[in-house]
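Visitor: This is the structure I have questions about; it appears just below.
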Amino acid sequence: MALTGRRLEVDRIATLAVLPRESAMVVVGDPGSGRSSVLDAVADRVSLPVVRVGVNGSESRWPLAGVTSLFTALDDPRATAHIAHLLQAGGATSGLAAAHDFLEAVQTLTLPPTVVLIDDLDRMDRESQELIAFLAGRLAGTALRLVATVRTVPSDGPLTALPVLRLEPLAADVSLALARSMAPEGANDGVLAILADATGGNPGALREQFDMLSTAQLTGTEPLVLPLRPTATTEAIAALTLDVVEGAADTDTDDAGRGLDVLARLSLVPVARTTGWDRDAVDDLADAGLVVVRGQTVTVRDPLLRSALYWRMSARTRRTLHRELAAASAEADPRAAAWHRSFVDDVPDVVALLDAAAGYVADGAPHAAVALAERALHVGSGGEDERTALLAVTEALFAQRQLGLAARYLTAMRPFRRGSDEVRRLRVLYSVQYLRGETVHADELLVPVDAEAPEAPATAGLLAMVASFRAETWDLEQARDLLARVEQLGPVITPHTAEIAGAVQCLVAALDGSLPADTELYDGLSTARLMSMSEPALLLVAHALSLAERYRSARRVFALVVARGQDTEAVWVEGARYLSAENELRSGNFRQALRAIDAWEAGSALSAQRLREPSRAVAVAWRHFAEGRSLEALEVVDRCLALRSTVLLWGTTARLHALRGRVLLLDGRVDEAVTALEAADAVGRSLRNPTVLRHLGDLVEGYVRLGRIDDARNATARLAADHHARPSRWGALVLARSLALVADDATRETARRRALELFQPHDSQYERARTFTALSAVGTDAERPRLGAAAAAAYEAAGLRRPLATPAPTAVMPAFGVPTSLRSGPVLSAPVPGSPRSAPDASVVLTQLTAEERAVVQKVTEGYRNREIASSLFMSQRTVELRLTQIYRKVGARSRSHLVALLT
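If you read the sequence shown in numbering that gives the first Met the number 0, its first letter stands for residue 0, the second for the next number, and so on.
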């Protein structure tokens with residue numbers, strides 16, 4: 000299994016192999032943090048010979064056992080003699096003399112540059128730890144790069160002087176991705192999110208929980224018991240933490256003992272208000288990093304420590320303390336009181352428990368809400384009132400865009416007998432399914448609704464909402480059918496439903512290429528009218544404007560949603576930020592698009608719930624591509640496609656294939672690009688508005704570069720027909736480019752000139768660059784440098800952070816209609832005659848640089864920023880900037896993107 004997360008840590012360790020001097024590093028990580036897995040990844044990553052040294056804990060009582068293991072692993076003929084000498088002198092020689100004997104022994108070995116990886120150095124015998132630490136500080140002349148992992152570095156231990164890299168707990172989204180990779184088939188994604196959070200980003204503890212939980216719990220049909228029962232890793236981490244606390248208790252018995260008691264009591268509740276607690280003890284615990292105080296609430300920082308403390312108490316002790324805390328918090332903290340009472344009352348008040356959970360969601364404490372909701376499922380009877388209260392929790396989670404958790408509780412919820420509640424359930428269910436990139440079947444809406452029925456107004460709203468989902472996924476006929484059903488319920492529909500239905504009609508018209516002019520929409524898109532509309536209606540209208548290539552108007556409407564302030568639910572703010580980023584991508588303004596994507600990502604703490612959503616996959620892939628990391632872009636798209644099929648939102652699937660094809664085409668992998676673009680074409684062919692999917696221009700270019708001229712002409716004819724039926728500015732530009740690519744000898748020059756002259760200053764610089772690139776690929780040797788330079792300049796103007804290599808065919812363009820097997824690949828543009836400096840070969844560039852400069856260049860080509868380079872190479876950011884200045888001067892690079900172009 001591939002290592003999930005830890006990329007930066009592996010990169011920093013692997014850097015030791017490329018540095019010109021010997022060096023050492025200590026990797027510190029809690030039990031279960033993945034220390035051994037990181038070393039495995041490093042061993043696979045580096046090009047130098049690697050020596051692994053394992054530690055047998057039972058040998059820790061034997062002096063110099065660790066040193067003998069190191070010598071044996073080095074596999075040098077003289078190592079055996081050194082081992083014997085050290086063991087014989089061990090008793091007679093001590094301290095500094097023994098350390099120098101050991102260092103001299105290592106220096107006499109004739110070793111090539113070698114990476115030595117020692118796992119669990121702190122489990123070695125004390126003498127070996129001291130000798131290896133002495134060696135690590137004096138590696139010059141040994142040819143060794145030494146990396147050792149430990150659980151802790153005591154302040155008085157021999158390793159304190161060495162550089163330290165700490166393995167922090169995995170971030171929430173990385174931990175969730177790891178949980179998904181470990182989970183059995185059919186595991187509920189919301190349950191996995193709960194496990195990822197409850198194990199505190201510790202891979203070992205997460206893996207052990209999968210062995211402890213039942214299949215029913217993992218699939219969400221049975222509730223989880225929170226806090227989770229402790230595993231071996233949990234107990235080991237708690238022991239390390241409590242050893243420090245109990246050590247303090249030995250020196251200050253009263254205060255530290257009181258702190259431990261408060262900590263044990265806090266482990267009984269997910270979150271508590273500080274009122275009524277010993278504030279001095281709470282402050283001491285916060286200073287020690289054991290609890291987190293936010294405003295008027297306090298919670299145990301590490302969920303693994305809380306788990307260990309909670310389950311160390313007997314059931315009787317826990318119940319007694321719950322009873323005491325329920326009484327103490329009844330007035331000051333009624334939510335915590337509801338939690339405590341659920342453990343002591345003969346018939347727990349499940350509705351009160353779920354009402355408290357909904358309150359925690361509103362306050363931004365979803366982990367506490369989850370604990371109460373799981374407890375309610377555990378002790379409840381599943382009655383209608385309880386399910387109504389659970390529905391309120393689910394709605395609150397959806398409003399905060401906690402989609403995985405909302406889906407988890409929808410799984411636990413049976414349909415309602417009351418029509419109004421059932422419509423509420425379906426509204427949340429369909430919304431969650433859509434936003435998670437799943438198919439919204441909405442079979443429940445197939446049954447006709449009587450306009451006189453009490454639930455008719457709510458059902459009309461549900462029909463309008465599902466119509467918007469159908470439109471967003473390009474199922475226009477179904478969207479029209481649903482809107483027609485809304486109209487049939489006209490007398491009972493609410494103003495909000497009518498507003499949503501009108502906005503959906505705008506979206507359908509935009510997708511069909513028939514959206515009325517701005518002056519005919521909502522009083523000419525006046526601010527007063529727009530401000531009176533709801534957030535979902537505004538998003539639908541703005542998206543329609545974007546699809547109709549009215550990017551400035553769309554930008555304005557999206558800004559209105561974001562600017563509405565704290566009262567706007569997170570789900571709408573996130574939607575506005577994502578669609579705003581998509582609007583900038585469609586306009587070809589990559590600089591603004593990257594800012595919008597960064598704002599979307601930074602403005603949400605919910606990325607762990609969005610890993611599988613195609614909207615996020617598209618945005619992140621575009622960001623990677625724009626920043627010159629095509630491989631990462633393809634990896635994101637492929638990972639999302641692996642979870643999908645054409646029956647799951649076929650429009651989104653087509654978009655992913657189209658994006659994949661575009662990235663491959665611009666990277667010069669034309670065969671693969673055409674395969675992906677043909678898949679997009681097959682999936683999205685029923686949508687006849689070419690400006691929506693935007694794949695036909697890429698497909699024409701791919702066909703031409705492969706010599707499949709007849710296919711290129713057929714695709715161009717389709718593009719022309721669709722464009723004439725639904726004209727757009729983008730369609731005109733791309734059609735002109737396609738016609739230039741398939742033109743015959745008699746009309747080629749005229750077609751190419753028209754394709755270039757058609758562009759106006761306000762048109763997309765990205766599409767201008769695409770036209771230059773495509774024409775250079777089929778141009779003559781004399782034309783190619785000029786067109787390639789123009790393409791690079793246009794890409795820079797569009798905001799791409801590196802100019803793309805200009806693709807050139809391996810032979811002259813074949814005659815039209817003649818079969819050919821030529822395949823093109825990515826090559827750099829030929830140097831422009833008379834240019835100040837021709838582009839040197841990459842190998843020549845690298846030979847001009849020092850080893851440290853080459854290490855910096857490697858990070859630059861991998862897309863690292865200066866701050867990340869400084870962190871991974873143990874330099875200051877200023878040093879990185881100076882190195883780059885020297886590199887630019889040596890190789891003649893004008894900018895960071897030019898440097899990458901010289902080396903790719």
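We put the beta carbon where it would ideally sit given N, CA and C, even for glycine.
Source: prediction; values computed, not measured.
(1) Answer yes or no: do S68 and V52 have a C-beta to C-beta separation smaller than 7 Å?
(2) Since L520 is in the alpha helix (DSSP H), which residue starts that stretch and which ends it?
(3) Using the C-alpha atoms, what's the distance from L630 back to N688?
(4) Which of helix, strand or coil does DSSP assign to T645?
(5) Is it buried or exposed, T805, if we count other Cβ atoms within 10 angstroms and call 16 or more buried?
(6) Determine the extent of the beta strand (DSSP E) in which T298 is found, giving its start and end residues.
(7) Using the rule of at least 16 other Cβ atoms within 10 Å of the residue's Cβ for burial, across every protein chain shown, is G258 buried or exposed?
(8) Can you have a look at P365 and say buried or exposed, based on whether 16 or more other CB atoms are within 10 angstroms of its CB?
(9) Look at the alpha carbon of R206 and the alpha carbon of E234, and state the distance between them as a whole number of angstroms.
(10) Would you mind giving the Cβ-Cβ distance between S727 and E451, rounded to the nearest angstrom? I have them listed as a contact below 8 Å.
(11) Report the rounded CA-to-CA distance for D480 versus K858, giving the unit in angstroms.
(12) By how many angstroms is the C-alpha of E600 removed from the C-alpha of L587?
(13) Is M530 helix, strand or coil by DSSP?
(14) Please state if the CB of H377 and the CB of P229 are separated by a distance shorter than 7 Å.
(15) Going by CA-CA distance only, name the one from V617, E573, L584 and P613 that's closest to A972.
(16) Measuring CA to CA, which of D709, G4, S46 and R747 is closest to V17?
(17) From what residue to what residue does the beta strand (DSSP E) around M24 run?
(18) My understanding is that L396 touches L371, with C-beta atoms under 8 Å, so please give their C-beta distance in whole angstroms.
(19) Looking at the unbroken beta strand (DSSP E) that takes in I492, where does it start and where does it end?
(20) Consult DSSP for A72 and reduce its assignment to one of helix, strand or coil.
(21) Suppose contacts are defined by Cβ-Cβ distances below 7 Å. Is G33 in contact with P202 by that definition?
(22) Can you list, in chain order, the stretches of the alpha helix (DSSP H) that have 4 or more residues and sit fully within the segment 541-619?
(23) Going by DSSP, what residue range makes up the alpha helix (DSSP H) through R751?
(24) Round the Cβ separation of A543 and L578 to the nearest angstrom and send it over; I've been treating them as touching at under 8 Å.
(25) Does DSSP put G778 in a helix, a strand or coil?
(26) Can you name, in chain order, every residue of its own chain whose Cβ lies under 7 Å from the Cβ of T387, other than the five neighbours on each side?
(27) In chain order, what residues of the same chain lie with their CB nearer than 7 Å to the CB of E700, ignoring the 5 residues before and after it?
(28) Is the Cβ-Cβ distance between A653 and G696 less than 7 Å?
(29) According to the neighbour-count rule (16 or more other Cβ atoms, all chains shown, within 10 Å of its Cβ), is T274 buried or exposed?
(30) Can you say whether E534 is buried or exposed, counting buried as having 16 or more other CB atoms within 10 angstroms of its CB?
(31) If you follow the alpha helix (DSSP H) that V465 is part of, which residue opens it and which one closes it?
(32) So the beta strand (DSSP E) L145 belongs to, where does it begin and stop?
(33) For R751, collect the residues of the same chain with a Cβ closer than 7 Å to its Cβ; drop the 5 residues on either side in sequence, then sort them by chain order.
(34) Indicate whether R747 and F758 have their beta-carbon atoms separated by less than 7 Å.
(35) Under DSSP, the beta strand (DSSP E) around R165 begins and ends at which residues?
(36) Can you tell me whether N865 is buried or exposed? The criterion is at least 16 other CB atoms within 10 Å of its CB, across all chains shown.
Guide: Taking the structure as given:
(1) yes
(2) Unbroken run through L520: none, as it is neither H nor E.
(3) 30 Å
(4) Unreliable positioning characterises T645 in this predicted model, as indicated by a pLDDT of 42, which lies under 50. The coordinate reading is nonetheless provided below. Coil at T645, not helix or strand.
(5) Any reading at T805 must be qualified, since the residue scores a pLDDT of 43, below 50, and its modelled position is unreliable; no value is offered.
(6) T296 to V299
(7) buried
(8) So P365 counts as buried.
(9) 14 Å
(10) Wrong, their Cβ atoms sit about 45 Å apart, outside the cutoff.
(11) C-alpha of D480 to C-alpha of K858: approximately 54 Å in a straight line.
(12) The sequence given here has Gly at residue 587, not Leu. Looking at the two C-alpha atoms, the distance is approximately 20 Å.
(13) helix
(14) no
(15) There is no way to answer for residue 972, as the model of the chain reaches only from 0 to 903.
(16) Among D709, G4, S46 and R747, the Cα nearest to that of V17 belongs to S46.
(17) S22 to G28
(18) Actually they are not in contact, since the Cβ atoms of L396 and L371 sit about 12 Å apart, beyond 8 Å.
(19) Under the DSSP assignment, I492 falls outside any beta strand (DSSP E); it carries neither an H nor an E label.
(20) helix
(21) Going by C-beta atoms, G33 is nearer than 7 Å to P202.
(22) 550-561, 569-586 and 589-601
(23) R747 to E756
(24) Not really, about 11 Å apart at Cβ, beyond 8 Å.
(25) coil
(26) D420
(27) Counting only Cβ-Cβ distances below 7 Å, and skipping sequence neighbours, we find L664, L740 and A773.
(28) no
(29) exposed
(30) E534 should be labelled buried.
(31) Going by DSSP, V465 is part of the alpha helix (DSSP H) stretching over A455 to E471.
(32) L143 to V149
(33) A739 and L774
(34) no
(35) V163 to L166
(36) buried
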